[in-house]
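The sequence shown maps to residues 1 to 87 in the UniProt record's numbering.
Backbone N, C-alpha and C fix where the C-beta goes; we use that ideal spot for every residue, glycine too.
Being a predicted model, the structure only gives us computed values, none of them experimental.
Following: one structure in structure tokens, then a few remarks.
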Amino acid sequence: SMATFEAEVGRRQAENDQVRRALANIDEQIVCDELTDELPDNFLEQFNQLPDRPLEHVLHFLSAHQVTQMRRVSHKFNNVCLIYAAC
């Protein structure tokens, strides 16, 4: 139904907004592919709160080696990468 579709669009938009906010924090700190400062104290916490779906989408653009490296970020990333690799 249209209401279900609109609810799904709203949910996905909220996920996208959450990803944008999390990435914006580190985007400002990257100059010439290098971090200019330490990551914020809550950096890992912010990424662990991201929904799985956007993370799975990002994995599509990474090489197998990069996916392996992503597994080291956190337990959540490890689980998402393992599920992604199984698909």
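Secondary structure of F61 (DSSP, three-state): coil.
Here D41 is actually not in contact with V80; their C-beta atoms are around 23 angstroms apart, not less than 8 angstroms.
Y84 places its beta carbon 7 angstroms or farther from that of E45.
Taken through DSSP and simplified to helix, strand or coil, P51 comes out as coil. Excluding sequence positions up to five before and after Q13, its CB lies less than 7 angstroms from no other CB in the same chain. Note on geometry: alpha-carbon atoms of F77 and E8 lie some 24 angstroms from one another. A direct Cα-Cα distance of roughly 10 angstroms separates R20 from P54. Collapsing the DSSP output to three states places R71 in coil.
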